[in-house]
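Residue numbers (my numbering), protein chains in the order written: chain R, 167 to 509; chain Z, 167 to 509.
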């Protein structure tokens, strides 16, 4: 990373563990990155005592933005939008909107974060809806970007087309993949397969020279390096990943059950369980590295609600990376370019 | 099972291995079930020599229905429908349609089987589209029925409603679950979540007293006994299961890779791999026990294309069970009843 000074706003109160996780991660980030300033949004009386361990120089790169409210993890997005105007989540987004922060990170309520981000930051020109994107592991230890993971459950072909463009930019800028291979998630690889929306999107993409569109992939291909970016609507993306998560839990339960049989099965479980947990946690998108909300006029990274300090630190780094690569500007430029190119 | 005489037609030529798998399974079924007659549709010159090991009494319960054509595993459904009128798959379906067989089983091309079944058998009154249904394992070693697994990728709320009714009948009749709990697959459990089609279906189901509708479940709940029947459209159902399959392969690859490290990791892999393969094969719906095509005026069971003899035998048993429980009649009665009940 370069050393241009960056300012990131954090929702200190968000997540299942709130300041217990977000504050230690913040301190680690401040110590690791001398070019980073953090704006800590949350209850000053909770935050202030935790900053004592910082040196004077470090302390100068931390600012507390005191807020009285916080958004509950189970709060309805509509309620959060209406009643939590003074919350740490809302304040963090406003700092980005006002240009006081380059990006923001929250481990809070995903639905509320989506609604508030959309409301406060607005979408980029040419983009109708933001999307939730994350990278997943593949069999050859590469990354594949999957979007949308649940921001939008009713997508038309224009929205999916925009998602394809945004996903390509994210893969190119954040992972450095040149001309990323973009695929649409479908029930078969043949052209005639799929529902009407997917077919219409395929038509749009195949007419767009600026996108390296490679066609359809099936659910099992997500993890096989068949594509760098896999595009689907938020309904399918969410259910696909949650199904994987559910089956993962079933597998872990079975391994535990079998482990009690004898010494060999105990050895098996001792080695297999951490391995399985590691893989499954990487598929749980926000547990691994934070999913990003893209398509907005600002950078918003979502860390897992149940994130530990490591994961929240990773999400801060993800936000820094997106600032340095100017992802929103690149998305804006790309969507303008492809719309111009289109016949 | 009772001992009323049953006649099942089989697509001997279908599947990746064709007669190599379907014939041994047929012979086993004939030996195991004295009340079973099999109509073997396929190339007589291939089938006939394999029947020599049967006793005279057994041989009397086997009839060869000679066909010249077979449907290719990669053949387009439209092509199969138009050009394969004399195929083993088509003949098998006609035998059911003409009342000469009580049910049929194929391991052939799923898309072609769907198209031909719909064309030859037609749907039951009150049912617009057939669905592909299968049972999956759950954490507490019970079964959950998931539909649609890919018969229909464009579903409206009426179709999903009919699927819910059909799924309930299947769970009740085939697995003996009284008043099965029916849920809609969604991105959240709250009433406000979901796309428009799911919300409209929820409304229809909540107004139908004859169905034990319990609300929404998420992808991870498929495997947790949260419901007995999980309803979704064929696009989502197919992608959810294929994603699980893809991740399963990734997990197995990782276990294999790690296994080479030392003696303990070798022990781990030796025990973990068969366990993982067993679980994943049960989630691959047709690999486990055959998926059923329901909603038709006849019983069609789909065995996995890559099925081994055990799996094909299991699919024959599934067909026998559906005949004995008169699943199509029960679906017809149930859909009539719920449509009458609806306000």
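No residue lacks a Cβ here, since even glycine has one placed at the ideal position from N, Cα and C.
Cβ-Cβ distance between residue i and residue j below 8 Å
i: residue 268 of chain Z; j: residue 489 of chain Z; result: yes
i: residue 462 of chain R; j: residue 296 of chain R; result: yes
i: residue 228 of chain Z; j: residue 206 of chain Z; result: yes
i: residue 305 of chain Z; j: residue 275 of chain Z; result: no
i: residue 397 of chain R; j: residue 316 of chain R; result: no
i: residue 395 of chain Z; j: residue 337 of chain Z; result: yes
i: residue 354 of chain R; j: residue 382 of chain R; result: yes
i: residue 278 of chain R; j: residue 237 of chain R; result: yes
i: residue 441 of chain Z; j: residue 283 of chain Z; result: no
i: residue 255 of chain Z; j: residue 180 of chain Z; result: yes
i: residue 433 of chain R; j: residue 434 of chain Z; result: yes
i: residue 239 of chain Z; j: residue 175 of chain Z; result: no
i: residue 210 of chain Z; j: residue 232 of chain Z; result: yes
i: residue 402 of chain R; j: residue 401 of chain Z; result: yes
i: residue 220 of chain R; j: residue 193 of chain R; result: yes
Coarse secondary structure for residue i, derived from DSSP in three states
i: residue 501 of chain Z; result: helix
i: residue 236 of chain R; result: coil
i: residue 229 of chain Z; result: strand
i: residue 379 of chain Z; result: strand
i: residue 456 of chain R; result: coil
i: residue 268 of chain R; result: coil
i: residue 114 of chain Z; result: Residue 114 of chain Z cannot be examined here, being either before or after the span of chain Z that is shown, 167 to 509.
i: residue 253 of chain Z; result: strand
i: residue 199 of chain R; result: coil
i: residue 220 of chain R; result: coil
i: residue 289 of chain Z; result: strand
i: residue 421 of chain R; result: helix
i: residue 476 of chain R; result: helix
i: residue 414 of chain R; result: helix
i: residue 316 of chain R; result: coil
i: residue 522 of chain R; result: No answer is possible for residue 522 of chain R: the residues shown for chain R start at 167 and end at 509.
i: residue 325 of chain R; result: helix
i: residue 175 of chain R; result: strand
i: residue 353 of chain Z; result: coil
i: residue 242 of chain Z; result: coil
i: residue 343 of chain Z; result: coil
i: residue 308 of chain R; result: coil
i: residue 436 of chain R; result: helix
i: residue 167 of chain R; result: Interpretation of residue 167 of chain R is limited by its pLDDT of 47, a score under 50 that renders its predicted location unreliable; the figure taken from the coordinates is listed afterwards. Reduced to three states, the DSSP call for residue 167 of chain R is coil.
i: residue 468 of chain R; result: strand
Own chain partners of residue i with C-beta closer than 6 Å, once the 5 adjacent residues on each side are dropped
i: residue 212 of chain Z; result: 185
i: residue 331 of chain Z; result: 500, 501 and 504
i: residue 424 of chain Z; result: 431
i: residue 321 of chain R; result: 399
i: residue 191 of chain R; result: 475, 478 and 479
i: residue 352 of chain Z; result: 359, 360, 364 and 382
i: residue 418 of chain Z; result: 442
7 Å CB neighbourhood of residue i in its chain, flanking five on each side removed
i: residue 150 of chain R; result: For chain R, the structure presents residues 167 to 509; residue 150 of chain R sits outside this window and is missing.
i: residue 555 of chain Z; result: An answer regarding residue 555 of chain Z cannot be provided, because it is not within the stretch 167 to 509 covered by chain Z.
i: residue 325 of chain Z; result: 294, 295 and 318
i: residue 526 of chain Z; result: Residue 526 of chain Z lies beyond the stretch modelled for chain Z, which goes from 167 to 509, so this question has no answer here.
i: residue 195 of chain R; result: 202, 204, 479 and 482
i: residue 323 of chain R; result: 363, 366, 367 and 370
8 Å Cβ shell around residue i - same chain, five flanking residues per side excluded
i: residue 389 of chain Z; result: 302, 303, 304, 305 and 310
i: residue 289 of chain Z; result: 295, 296, 461, 462 and 463
i: residue 491 of chain R; result: 339 and 340
i: residue 170 of chain R; result: 201 and 490
i: residue 241 of chain R; result: 250, 275 and 278
- At a Cβ cut of 8 Å, what residues of the segment 320-339 of chain Z count as close to chain R, listed as they run along the chain? 320
- Between the segment 269-281 of chain R and chain Z, which residues of the former have a C-beta closer than 9 Å to a C-beta of the latter? 277
- Query: Counting pairs of beta carbons, one from the segment 413-424 of chain R and one from the segment 301-313 of chain R, are three or more of them closer than 8 Å?
  - Reply: no
- Count the C-beta pairs between the segment 467-475 of chain Z and the segment 322-342 of chain Z that are closer than 8 Å, then say yes if the count reaches three, no if not. no
- Message: Would the segment 471-478 of chain R count as touching the segment 433-445 of chain Z if we require 3 or more Cβ pairs under 8 Å?
- Response: no
- Message: Short of 9 Å Cβ to Cβ, which residues in the segment 372-391 of chain Z face chain R?
- Response: 384, 385, 386, 387, 388, 389 and 390
- Short-range partners of chain R found in the segment 428-455 of chain Z, where Cβ spacing is below 7 Å: 430, 431, 433, 434, 437, 438, 441, 442, 445 and 449
- For the segment 301-320 of chain R, enumerate the residues whose C-beta is nearer than 8 Å to any C-beta of chain Z, in chain order. 303, 304, 305, 316, 319 and 320
- Is the segment 368-375 of chain R in contact with the segment 372-387 of chain Z, if contact means three or more CB pairs nearer than 8 Å? no
- Using a Cβ-Cβ cut-off of less than 9 Å, give me the residues of the segment 408-421 of chain R that come near chain Z, in sequence order. 408, 409, 410, 411, 412, 413, 414, 415, 416, 417, 419, 420 and 421
- Query: Relative to chain R, which residues along the segment 457-488 of chain Z have a C-beta separation below 9 Å, given in chain order?
  - Reply: none
- Task: Quick one: which residues of the segment 280-300 of chain Z get their C-beta closer than 7 Å to a C-beta of chain R? List them in chain order.
- Result: none
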